[in-house]
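Enquirer: For reference, the structure I am asking about is given below.
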Amino acid sequence: MALGSHEVSILVAGFPRKVSTVAIAIGGLVSFFVFGLVLDPISSSVSGVFYGNANPQQVEIPSSLSNNTVQGLYTSTNDIYTSDKNLTSTSQSSSGSPDLVSSDISPPDSEKPLMQQEKGDTVSSLDTSTTGVGSGEGETNVSKAGDTSIVSSPSHDASETTSAEETECDLYQGSWFYDPGGPLYTNNSCPVLTQMQNCQGNGRPDKRYENWRWKPSQCDLPRFDAKKFLELMRGKTLAFIGDSVARNQMESMLCLLWQVETPVNRGNKKMQRWFFNSTSVTIVRIWSSWLVHQFNEKFDYAPEGVIKLNLDVPDERIIEALPSFDVMVLSSGHWFAKQSVYISKGEIVGGQLWWPDKSKPMKVNNVEAFGISVETILKSIATHQNFTGLTIVRTWSPDHYEGGAWNTGGSCTGKEEPILPGKLVKNGFTEIMHEKQATGFNRAVDGVEDSSKVKLKLMDITEAFGYRHDGHPGPYRSLDPNKITKRGPDGRPPPQDCLHWCMPGPVDIWNEMVLELIRRDFEGKKMRDSSS
Numbered sequence: 338m339a340l341g342s343h344e345v346s347i348l349v350a351g352f353p354r355k356v357s358t359v360a361i362a363i364g365g366l367v368s369f370f371v372f373g374l375v376l377d378p379i380s381s382s383v384s385g386v387f388y389g390n391a392n393p394q395q396v397e398i399p400s401s402l403s404n405n406t407v408q409g410l411y412t413s414t415n416d417i418y419t420s421d422k423n424l425t426s427t428s429q430s431s432s433g434s435p436d437l438v439s440s441d442i443s444p445p446d447s448e449k450p451l452m453q454q455e456k457g458d459t460v461s462s463l464d465t466s467t468t469g470v471g472s473g474e475g476e477t478n479v480s481k482a483g484d485t486s487i488v489s490s491p492s493h494d495a496s497e498t499t500s501a502e503e504t505e506c507d508l509y510q511g512s513w514f515y516d517p518g519g520p521l522y523t524n525n526s527c528p529v530l531t532q533m534q535n536c537q538g539n540g541r542p543d544k545r546y547e548n549w550r551w552k553p554s555q556c557d558l559p560r561f562d563a564k565k566f567l568e569l570m571r572g573k574t575l576a577f578i579g580d581s582v583a584r585n586q587m588e589s590m591l592c593l594l595w596q597v598e599t600p601v602n603r604g605n606k607k608m609q610r611w612f613f614n615s616t617s618v619t620i621v622r623i624w625s626s627w628l629v630h631q632f633n634e635k636f637d638y639a640p641e642g643v644i645k646l647n648l649d650v651p652d653e654r655i656i657e658a659l660p661s662f663d664v665m666v667l668s669s670g671h672w673f674a675k676q677s678v679y680i681s682k683g684e685i686v687g688g689q690l691w692w693p694d695k696s697k698p699m700k701v702n703n704v705e706a707f708g709i710s711v712e713t714i715l716k717s718i719a720t721h722q723n724f725t726g727l728t729i730v731r732t733w734s735p736d737h738y739e740g741g742a743w744n745t746g747g748s749c750t751g752k753e754e755p756i757l758p759g760k761l762v763k764n765g766f767t768e769i770m771h772e773k774q775a776t777g778f779n780r781a782v783d784g785v786e787d788s789s790k791v792k793l794k795l796m797d798i799t800e801a802f803g804y805r806h807d808g809h810p811g812p813y814r815s816l817d818p819n820k821i822t823k824r825g826p827d828g829r830p831p832p833q834d835c836l837h838w839c840m841p842g843p844v845d846i847w848n849e850m851v852l853e854l855i856r857r858d859f860e861g862k863k864m865r866d867s868s869s
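Under the working numbering, the sequence shown has 652 at position 315, and the numbering climbs by one with no breaks.
What follows is the structure, given as structure tokens:
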């Protein structure tokens, strides 16, 4: 795409030699006004080139998957898990599988999450053929039409805020642009950064993945402002609840805030808690693999040792802590790849990698179970009498294992820039899990009698972050100086993490969105209170 030429011609009529000063002044003002009107469309046109408004590709998603199909998505029960400590080096298991999960509360052995992907789903390599706009270094790479765009552009003013008429614009349709200003922190300026996400510290040679930022089509997403966040949340508590990807996001938030104030660690084994003295803001994390109640004891014909999930009962740890939270960010889903038994209304209704009677069909597979779990926890939150805060549901975090699953040769090695529009191969499992999560969310909202009082927000990051295959640790998931980072002579890739996100990296954008959603909610509340 090339910029069209714009020529501005301003005709200035000659004045008689003897003209009054007032006439000259008026003529100057009129000329200035006309000149401004003519030039304004030029800036609008340039903006339209840098920030394409193409809508993401719409893909029809099946309403359900057969039990056989879902069971076929996973070919191994090996777990990928990480340490519960903040700064630990990962190790490679005897089978060659990476240890990749993390939590602030060390989960029991039966609770170590599995990261697996539909076998055969691939993401095509980055197409380097682009059309340049501009000149010199950092020329703009403008995406092809038809999908979420990826462009390079000058960085936005960090102090820029969204105008009143743009307040409720869609944050999740837009484009990626390259910001030469770089991230707000480094891997050396955040002491709580888990080693597994410390890509630069683990030897990753490229850094451009740190600089890509998200631009919504109809408004701006301001750069994260730590002081603004702390002031907005003064005296309040933000909780991140979910699995290891939720921990990834929580650590990103701490890294962003750490640049203006060092928090006090007030956590314990039940709950990780960081306190910022200047504003009495608390950041909390609760490990909850499935967001619903789980147990290991024998139940009916399901033996002891196999995890059982009460799909219609919320995780009691969340409900107990709920009254102390003002904002929650929930995320889950990847643990539904793990072996488990599904129970609803006191009856075994299905399972994942577990079903003793193959002659009888399951009522609920792991995809359906995920949607049910989302509906269960959100209904419990929305109807809780002692909770009136904001609940943000971050949608499914896409992984980018190419050519297989994490334990069957899947790889994201060498990905250094976002995928260009039109080059993304959709991941069927990601699509259906996202669809079930959104369905569970909508059912929860529809099931509440007074929906006007329900403050549930769906932070739909799945489509946009499907393009960020460059943002994962890949083989740079450990500090080991002798680690393998390239494919071997047999073509097999090294063990790698293509699910979690490097820090700094794309995960920081999630917290820019969280800040914007909090701002909208709090300012909307002020407007409602002033009008009542």
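In this text, a Cβ means the ideal position worked out from N, Cα and C, and glycines have one as well. None of these values were measured; they are calculated from a predicted model.
Evaluate Glu860 with the Cβ neighbour count: other Cβ atoms within 10 Å of its Cβ, from every protein chain shown; 16 or more gives buried, anything less gives exposed.
Expert: By the neighbour-count rule (16 or more Cβ atoms within 10 Å), Glu860 is not buried but exposed.
Enquirer: By Cβ distance below 8 Å, which residues in the same chain neighbour Asp507 in space, the five residues on each side in sequence not counted?
Expert: Cβ neighbours of Asp507 beyond the five flanking positions: Pro553, Ser554, Gln555.
Enquirer: Is DSSP giving Asn548 helix, strand or coil here?
Expert: Asn548: coil per DSSP, three-state reduction.
Enquirer: Nearest to Asp557 by alpha carbon, out of Gly511, Ala781, Val704?
Expert: Ranking the options by Cα distance to Asp557, first place goes to Gly511.
Enquirer: Between the Cα of Ser526 and those of Gly538, Gly518, Met533, spot the shortest distance and give me the residue it belongs to.
Expert: The option with the nearest alpha carbon to Ser526 is Gly538.
Enquirer: Can you tell me the Cα-Cα spacing of Cys835 and Gly740, whole angstroms?
Expert: So the alpha carbons of these two residues sit roughly 12 Å apart.
Enquirer: To the nearest angstrom, how far is it from the Cα of Glu753 to the Cα of Asp543?
Expert: Each residue's Cα considered, the two are about 7 Å apart.
Enquirer: Enumerate in chain order the residues of its own chain whose CB-to-CB distance from Arg856 is below 7 Å, with the five nearest sequence positions on each side excluded.
Expert: Taken in chain order, the residues that qualify are Leu569.
Enquirer: Quick one: any contact between the stretch 696 to 714 and the stretch 788 to 800, if contact means 3 or more CB pairs under 8 Å?
Expert: No, they do not touch.
Enquirer: For Pro818, which residues in the same chain have their Cβ closer than 8 Å to its Cβ, ignoring the five residues on either side in sequence?
Expert: Cβ neighbours of Pro818 beyond the five flanking positions: Gly540.
Enquirer: Can you tell which of Lys823, Thr531, Tyr509, Phe514 has the C-alpha that lies nearest to the C-alpha of Met840?
Expert: If we check each option's Cα against that of Met840, Thr531 comes out closest.
Enquirer: Within the chosen definition, does the stretch 659 to 672 reach the stretch 726 to 735 through at least 3 CB pairs nearer than 8 Å?
Expert: They touch, by the three-pair rule.
Enquirer: Beta-carbon within less than 6 Å of Val601's beta-carbon, same chain only, minus the 5 sequence neighbours each way: which residues are those?
Expert: Taken in chain order, the residues that qualify are Phe612.
Enquirer: For Arg571, does the count of other Cβ atoms within 10 angstroms reach 16, so buried, or fall short, so exposed?
Expert: Its Cβ having fewer than 16 others within 10 Å, Arg571 is exposed.
Enquirer: What's the call for Gln586, buried or exposed, on a 16-neighbour Cβ count within 10 Å?
Expert: By the neighbour-count rule (16 or more Cβ atoms within 10 Å), Gln586 is buried.
Enquirer: According to DSSP, simplified to helix, strand and coil, what is Ser447?
Expert: Summary for Ser447: the model assigns pLDDT 34, below 50, so the residue's position carries little reliability, and this model does not support an answer.
Enquirer: Output needed for Ile398: all residues of its chain with C-beta closer than 7 Å, excluding positions within five of it in sequence on either side, in chain order.
Expert: Because Ile398 carries a pLDDT of 33, less than 50, the predicted location of this residue cannot be relied on, and the following value inherits that uncertainty. Glu768, Ile769, Glu772.
Enquirer: Go ahead and pull the three-state DSSP assignment for Leu852.
Expert: Here Leu852 sits in helix by DSSP.
Enquirer: May I have the straight-line CA-CA distance separating Arg654 from Ser815, to the nearest angstrom?
Expert: C-alpha separation (whole angstroms): 32 Å.
Enquirer: Report the residue from Tyr509, Lys682, Leu646 whose alpha carbon sits nearest the alpha carbon of Gln676.
Expert: Here the closest residue by C-alpha is Leu646.
Enquirer: Got a sec? Which residues, its chain only, sit under 7 Å from Asn392 by beta carbon, not counting five neighbours each side?
Expert: Confidence at Asn392 is low in this model, with a pLDDT of 36, below 50, so the placement of that residue should be treated as unreliable; the coordinate-derived value is given next. So the list reads Gln510, once near-sequence residues are dropped.
Enquirer: In whole angstroms, what is the alpha-carbon distance linking Val597 and Lys823?
Expert: Approximately 38 Å between the Cα atoms of the pair.
Enquirer: Between the alpha carbons of Gln689 and Met699, how many angstroms are there, rounded?
Expert: Their backbone Cα atoms lie some 10 Å apart in a straight line.
Enquirer: Assuming His837 and His737 form a contact by the criterion Cβ under 8 Å, report the distance between their Cβ atoms to the nearest whole angstrom.
Expert: No, His837 and His737 are not in contact; Cβ-Cβ is about 11 Å, not under 8 Å.
Enquirer: Tell me which residue opens and which closes the alpha helix (DSSP H) that Asn647 is part of.
Expert: Counting along the chain, Asn647 falls outside any alpha helix (DSSP H), though it belongs to the beta strand (DSSP E) covering 645 to 651.
Enquirer: For Glu344, does the count of other Cβ atoms within 10 angstroms reach 16, so buried, or fall short, so exposed?
Expert: The predicted position of Glu344 is uncertain, since its pLDDT is 36 and thus under 50; a value taken from the coordinates is nonetheless stated next. With fewer than 16 Cβ atoms within 10 Å of its Cβ, Glu344 is classed as exposed.
Enquirer: By Cβ distance below 8 Å, which residues in the same chain neighbour Val782 in space, the five residues on each side in sequence not counted?
Expert: So the list reads Leu715, Ala719, Ser788, Val791, Leu793, once near-sequence residues are dropped.
Enquirer: Roughly how many angstroms separate the alpha carbons of Tyr515 and Thr745, rounded to a whole number?
Expert: Looking at the two C-alpha atoms, the distance is approximately 33 Å.
Enquirer: Mark Met850 as exposed unless 16 or more other C-beta atoms lie within 10 angstroms of its C-beta, in which case mark it buried.
Expert: By the neighbour-count rule (16 or more Cβ atoms within 10 Å), Met850 is buried.
Enquirer: What is the DSSP secondary structure of Lys573, reduced to helix, strand or coil?
Expert: Residue state, collapsed to three classes: coil.
Enquirer: Specify, as a first and last residue, the run of the alpha helix (DSSP H) that Lys773 falls within.
Expert: Taken as a continuous stretch (DSSP letters only), the alpha helix (DSSP H) holding Lys773 covers 765 to 783.
Enquirer: Using the three-state DSSP reduction, which class does Ala391 fall into: helix, strand or coil?
Expert: In this predicted model, Ala391 has a pLDDT of only 34, less than 50, meaning its place in the structure is not dependable; the value taken from the coordinates is given anyway. Three-state DSSP puts Ala391 in coil, outside helix and strand.
Enquirer: Between the stretch 617 to 637 and the stretch 575 to 582, do at least 3 Cβ pairs fall closer than 8 Å?
Expert: Touching, yes, given that three or more Cβ pairs across the two stretches are closer than 8 Å.
Enquirer: Count the other CB atoms within 10 Å of the CB of Pro610; is the residue buried (16 or more) or exposed (fewer)?
Expert: The identity of residue 610 in the sequence shown is Arg, whereas the question assumes Pro. Buried, because 16 or more other Cβ atoms sit within 10 Å of the Cβ of Arg610.
Enquirer: Expressed to the nearest angstrom, what Euclidean distance is found between the alpha-carbon atoms of Tyr638 and Asn703?
Expert: Computed Cα separation, rounded: 19 Å.
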